[in-house]
Amino acid sequence: MTTLKSPVTLTIDGKSITVEKGTYVIDAARQAGIHIPYFCSHVKLAPDANCRMCLVEVEKMPKLQTSCNLPVAEGMVVRSTSEKAEQAHKSVMDFILANHPLDCPMCDQGGECELQDRTHAYSDNYSHYTEAKRLPEKRYFSPYIEREMSRCITCMRCVRYCDEVLDVKAIAAVNRGDRVEISTFMDRELDCEFCGGCVQICPVGAFTNRVALYDYRPWQLKKTETVCAYCADGCTLTLESKVSENQIVRVTSDWEKGRNLGDLCAKGFFGYHMINSPERVAAPMIRQDGRLVEWPWIEAIEAAAQRLSEIKRRYGAEAIGGVISARCTNEEAYLFQKLLRLAIGTPHVDSSARDGHLNSVRALTRVAGHGRMTAPYEAIEAARVVMVIGADLTETNPITALKVKAAVRKHGANLITVGPYLKEIGPISNLVNLSQAPLTVTPGSESMVVRALVKAVVEERLIEPSVAAQAQTYVARVEAAVTQLPWPVAEARTGLSADAIKAAARSLSGAERAVVLFGPELTRQAGGYDAVCALADLAILTGLYSKPGSGLNPLCEENNEMGVVEMGAAPEFLPGLIDVRNEAARLRLREAWKEELPSATGWSLTQMLEEARQGRLKALYLVGEDPLGSLPASSGVRQALQSLELLICQDPFLTETGRLAHLVLPAAGFAEKEGTFTNHEGRVQRVRRALEPVGEALPDWDIFGQLAAGLGHPLDYASAGEITDEIRRVLSDRPDGRIDGAVMAQYLADLTAEELEARYRPGPGAASERGRGGGSMTLVISQSLFHSGKLSRRASELMRIEPEGRLQLNPSDAERLGVEDGDMVRLRTMDGSASREAVVPAVRRAKIAPGFCRFPGHFPEAGVKELVDWSVDPVTQTPYFRSGRVMIEKAVGAAATASVQAAAREGV
Amino acid sequence: MASRITRLLKTIFLVEILRGLTLTFRHLFVRSITRQYPHERPDVAKRFRGVMSLLRYQDGGEKCVGCGLCEVACPSNVIKVVSAEREGTPLKRYAREYWFDLSRCVFCGFCVEACPVDALAMTPNYEYATTNKRDLLLSKETMLALGDQYFPNQPPKPAYIGSCESEMYLLSAKQQHYPTKSDDQG
Ligand code: SF4
Ligand code: SF4
Ligand code: SF4
Ligand code: SF4
Ligand code: SF4
Ligand code: FES
Chain A
0 MTTLKSPVTL TIDGKSITVE KGTYVIDAAR QAGIHIPYFC SHVKLAPDAN CRMCLVEVEK
60 MPKLQTSCNL PVAEGMVVRS TSEKAEQAHK SVMDFILANH PLDCPMCDQG GECELQDRTH
120 AYSDNYSHYT EAKRLPEKRY FSPYIEREMS RCITCMRCVR YCDEVLDVKA IAAVNRGDRV
180 EISTFMDREL DCEFCGGCVQ ICPVGAFTNR VALYDYRPWQ LKKTETVCAY CADGCTLTLE
240 SKVSENQIVR VTSDWEKGRN LGDLCAKGFF GYHMINSPER VAAPMIRQDG RLVEWPWIEA
300 IEAAAQRLSE IKRRYGAEAI GGVISARCTN EEAYLFQKLL RLAIGTPHVD SSARDGHLNS
360 VRALTRVAGH GRMTAPYEAI EAARVVMVIG ADLTETNPIT ALKVKAAVRK HGANLITVGP
420 YLKEIGPISN LVNLSQAPLT VTPGSESMVV RALVKAVVEE RLIEPSVAAQ AQTYVARVEA
480 AVTQLPWPVA EARTGLSADA IKAAARSLSG AERAVVLFGP ELTRQAGGYD AVCALADLAI
540 LTGLYSKPGS GLNPLCEENN EMGVVEMGAA PEFLPGLIDV RNEAARLRLR EAWKEELPSA
600 TGWSLTQMLE EARQGRLKAL YLVGEDPLGS LPASSGVRQA LQSLELLICQ DPFLTETGRL
660 AHLVLPAAGF AEKEGTFTNH EGRVQRVRRA LEPVGEALPD WDIFGQLAAG LGHPLDYASA
720 GEITDEIRRV LSDRPDGRID GAVMAQYLAD LTAEELEARY RPGPGAASER GRGGGSMTLV
780 ISQSLFHSGK LSRRASELMR IEPEGRLQLN PSDAERLGVE DGDMVRLRTM DGSASREAVV
840 PAVRRAKIAP GFCRFPGHFP EAGVKELVDW SVDPVTQTPY FRSGRVMIEK AVGAAATASV
900 QAAAREGV
Chain B
0 MASRITRLLK TIFLVEILRG LTLTFRHLFV RSITRQYPHE RPDVAKRFRG VMSLLRYQDG
60 GEKCVGCGLC EVACPSNVIK VVSAEREGTP LKRYAREYWF DLSRCVFCGF CVEACPVDAL
120 AMTPNYEYAT TNKRDLLLSK ETMLALGDQY FPNQPPKPAY IGSCESEMYL LSAKQQHYPT
180 KSDDQG
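Top to bottom, those sequences are chains A and B. Reminder that position 801 of the first sequence reads as 800 in numbering that gives the first Met the number 0, one-by-one numbering, no gaps. Reminder that position 145 of the second sequence reads as 144 in numbering that gives the first Met the number 0, one-by-one numbering, no gaps.
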């Protein structure tokens, strides 16, 4: 047994048990294997003691006590099975059932209902009540969540969860006595984050999943515990499927498991329809006379191998490149880079992590030896100060946001949000509301805020003493570099006062445990790499890297961005984040693989497209990637893809790029394969197969193996597990998430004064002034809570929740433009004489700062992506295409009709 | 000694056989009990377990609420229930499809016992031999027709006060407009 800090010994039902002080009796009993019945108590929630089911007899206490909120005391003697206690359980059951229909046959909770089970165990077979049961009137609630109030036992778990954990407060109890009902404000249709938490936590069938309504009985479902394939929060979820139909019926999550501990977001809970989407590609396809026609697997693989060999023979292996999606497993990324580097012999291998995440990895690997979070979720919750910069965390990483909320609401942490965001009470929770002193900055100036924070730390002498002592040269150089950034410039660009920045710097460095999280609005905006480097300076100087419980946390978008890069699916990294130019490490890898590998640094995704345009790249192998659908036309992506002699698209769906391909290979989805994902904390988690692949689809690793065999260079693995084993063997000496002291010392010594000076020299202007578009508003392409990349577009329920992209703007801007929610607006940019425009519906959000507007990037067809500036990072080759300056006006005429249609689509 | 002689005499004069033949002879004058099936049909017992049927309430509404309990109670995997929400009545559960594979049924009656609304009943019908075994897969419609045929006089639906099955509830639910489930749209 682990040692307890302050043990307390008590007796429950004659059993003596020692637990930590502060434990509640009900939990102590559970530890001793004694079951005390309960309804309102729950591991995720603070005790509320409203249902009275957990009554126990305690010696020396005159009345029965609710064990769910009774802390243990030394020498306490508790009886849960005494006659008095048992009588109490029976009476409480009688009370609860007085108004409960026991509709079990038609109730979706039947078979997994806490009330049903307790009724069997604790109730007599008759009721003392002869009065008619209450029957609340049926009222429409939501298309996603079904509410049946006749079954509600008013335990308030749902209300407490939505408030305590989610901080959404979408539902509350209205009316009194036996009329009490759980409802929304003014009984409107439910509009919330649709996390499904209330459905999961309701002990009875009062809140059920309307999407899966009557589709199952719990005992019919096969449960597969796996990891979510949408975002990098890495939630553990249970896919519940009907084997006979090879269909996912619903998704749940265990309260005691995974990094999310049962919490999910709408994508996890309602987003499973993409797996069984009717749009899945079922068989390989080959282009014949300009059309894609279905083809047998063997011949498709043969054709791919033969054409690749042909190109290799004619132009050399270097004319072939490959890009893998960060939604693939570690095993697949590892095998993919092996396929390209060994079987084909080209160094050009990249992944979709290029799109921003590589900025973090490159910068942080230089500093600390790896690019993972240095403060895991537990540390975020326990931190005294949390800073979130460059991310609307609820929308980008909902579960990480829950950890921040817990830090503030449960442990009283000080939250500092940095971004163009304001407080807002709305259907979606807002971290800014929890921040005492949020830094609302000029859009696009996040990186300037970071630099100003570094300046404040240096000038205010807030440097962590141990760092100041050990890295004097470095500190001196930073001190010299920040002098180039005058406060007036910083203030003008960020829109913040120097005092506010200094105050934030002071709380950050003064905190015992501080965590900084940074996201896409830093890493995916021009200058992202430099911004992360500056952030690393901030982390070093404020001791985030040295104080236990502190850390610097990069946030990822796609579920396995962290993993694919660590597996070497990047031109600059070999597996284990080894620099390709590192001769010694490459030799070691050569030994492990018993094969020569290319020594050159390959091309990144952006370079590959450029080289294709130039005619130097002849063949491109895309795995789960759709550059045509995601990149703006100004990047010249179409031209690049059309110049290729061979384009292979391996994807579960036929994407826009896939339509151009010479060869389309159907890949299995995440629920149809085995492997591992690495979340942004750096946790490697098992992905398990729940379904048989749709049609003839195969897991990506299997296809790589077959292709390698076709190329005459077998990479034979019988299962994904064999690849995992090899990865473990090859990477046994690689970092495990700890900060590499040697790397950091080297970094601090190597960092030149020139580089630091360049880093802190204020550039030609903040992003907002730099933009080419020439408009007055800053547009940012953002992420939405209900979508993830374009994958979620295949999930029918998510498309029902958020069917179209809407331009979010501040109500004051909307008023100026005369725009109401749902009205169409025209966005326009002027690039020289060329003008581009897009017409989209608008929506007012008090959260968005004036002068700022954002549009979800999941709807590229709206044409907004064509309005943003395109540039490529000089160091990391990261493509930047997520912000620009636009002019906005209300659209009239033809566009107004579109607005009517949009309103009709909404169906309200 | 005497008994041994008697036995010997009995054996010699075939007494036992004669006695047996007497009985046989006597039966020539008793009324025959062999039924000339199919010209003559037996009366089956009241609780005879024949082909399964589904019942309706007096007003013609299906009793079955599609709970799937019969499916899980069945020891030989005979039943498949596809439950759904009745169009236009939120939360009203019913069996959109009900399949009963008669060829596997062992007539144990477990499903009948399991049914919480007494929707299942075993008809006295045992004459279901067929030349096409596919005919033995009974659909919901077939089973309801069997129910109508064999158990025509069913009671009205109980009040189910306080339940989602009560008339009051179903009426108030009917006033509500719910969008159909998206998987039903396609
Ligand atoms: S909530 Fe539980 S007890 Fe109530 S009807 Fe549903 S399954 Fe039965
Ligand atoms: S689904 Fe909505 S109401 Fe339910 S807990 Fe989540 S946010 Fe709250
Ligand atoms: S809806 Fe469920 S969780 Fe909410 S109060 Fe009622 S019984 Fe409890
Ligand atoms: S999308 Fe992200 S936050 Fe939502 S359930 Fe999946 S992993 Fe968790
Ligand atoms: S017949 Fe009875 S047990 Fe079977 S599904 Fe219908 S109601 Fe349930
Ligand atoms: S569980 Fe203790 S009062 Fe509800």
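C-beta: ideal position from N, C-alpha, C; glycine also.
Between residue i and residue j, is the Cβ-Cβ spacing less than 7 Å?
i: residue 57(B); j: residue 151(B); result: no
i: residue 338(A); j: residue 345(A); result: no
i: residue 887(A); j: residue 842(A); result: no
i: residue 235(A); j: residue 204(A); result: no
i: residue 226(A); j: residue 676(A); result: yes
i: residue 77(B); j: residue 100(B); result: yes
i: residue 651(A); j: residue 628(A); result: no
i: residue 332(A); j: residue 707(A); result: no
i: residue 27(A); j: residue 14(A); result: no
Using a Cβ-Cβ distance under 7 Å, would residue i count as near chain B?
i: residue 801(A); result: no
i: residue 768(A); result: In this prediction, residue 768(A) scores a pLDDT of 49, lower than 50, which makes its location untrustworthy; no coordinate-derived value is stated.
i: residue 142(A); result: yes
i: residue 213(A); result: yes
i: residue 105(A); result: yes
i: residue 216(A); result: yes
i: residue 855(A); result: no
i: residue 100(A); result: yes
i: residue 765(A); result: Interpretation of residue 765(A) is limited by its pLDDT of 46, a score under 50 that renders its predicted location unreliable; no figure is taken from the coordinates.
i: residue 386(A); result: no
Check whether the Cβ of residue i lies closer than 7 Å to any Cβ atom in chain A.
i: residue 115(B); result: yes
i: residue 56(B); result: no
i: residue 163(B); result: yes
i: residue 118(B); result: no
i: residue 127(B); result: no
i: residue 172(B); result: yes
i: residue 160(B); result: yes
i: residue 148(B); result: no
i: residue 157(B); result: no
i: residue 168(B); result: yes
Any heavy atom of ligand 6 inside 6 Å of the beta-carbon of residue i?
i: residue 38(A); result: yes
i: residue 65(A); result: yes
Ligand 2 and residue i: does the residue's C-beta get closer than 6 Å to at least one heavy atom of that ligand?
i: residue 163(A); result: no
i: residue 405(A); result: no
i: residue 242(A); result: no
Residue i: beta carbon under 6 Å from a heavy atom of ligand 1?
i: residue 103(B); result: no
Sorry if obvious, but does the Cβ on residue i come closer than 6 Å to a heavy atom of ligand 3?
i: residue 209(A); result: no
Check whether the Cβ of residue i sits closer than 6 Å to any heavy atom of ligand 5, and report yes or no.
i: residue 192(B); result: Because chain B in this structure spans residues 0 to 185, residue 192(B) falls outside the shown range and cannot be described.
Residues in the region 78 to 97 of chain B having any Cβ partner in chain A nearer than 7 Å: Listed in sequence order: 82, 83, 84, 89, 90, 92.
Check whether the region 632 to 643 of chain A and the region 255 to 275 of chain A touch, using three or more Cβ-Cβ pairs below 8 Å as the test. Under the Cβ criterion (8 Å, minimum of three pairs), the region 632 to 643 of chain A does not count as touching the region 255 to 275 of chain A.
Under 9 Å (Cβ pairs) to chain A, residues found in the region 59 to 78 of chain B: From the region 59 to 78 of chain B, only 64, 65, 66, 67, 68, 70, 71 have a Cβ closer than 9 Å to chain A.
When the Cβ atoms of the region 498 to 515 of chain A are set against those of the region 574 to 581 of chain A, are three or more pairs found closer than 8 Å? Put simply, the region 498 to 515 of chain A does not touch the region 574 to 581 of chain A. Fewer than three CB pairs are less than 8 Å apart.
In chain order, what residues of the region 116 to 148 of chain A put their CB closer than 8 Å to some CB of chain B? Taking 8 Å as the Cβ-Cβ cut-off, the region 116 to 148 of chain A approaches chain B at 131, 132, 133, 134, 136, 137, 138, 139, 142, 145, 147, given in chain order.
Between the region 600 to 609 of chain A and the region 285 to 302 of chain A, do three or more beta carbon pairs fall short of 8 Å? No, they do not touch.
Going along the region 185 to 200 of chain A in order, which residues come within less than 7 Å of chain B, judged by CB to CB distance? Correct list: empty, as no residue qualifies.
Would the region 152 to 161 of chain A count as touching the region 40 to 50 of chain A if we require 3 or more Cβ pairs under 8 Å? By the C-beta criterion, the region 152 to 161 of chain A is judged to be in contact with the region 40 to 50 of chain A, since at least 3 inter-stretch pairs fall below 8 Å.
Using 8 Å as the cut-off, can you tell me whether the region 611 to 621 of chain A makes contact with the region 314 to 324 of chain A, which would need three or more C-beta pairs spanning the two stretches below that distance? A contact between stretches requires three or more CB pairs, one per stretch, nearer than 8 Å, and the region 611 to 621 of chain A meets this requirement with the region 314 to 324 of chain A.
For the 8 Å Cβ check, are there 3 or more pairs between the region 656 to 666 of chain A and the region 639 to 648 of chain A? Judged by pairs of C-beta atoms under 8 Å, the region 656 to 666 of chain A touches the region 639 to 648 of chain A, as three or more such pairs exist.
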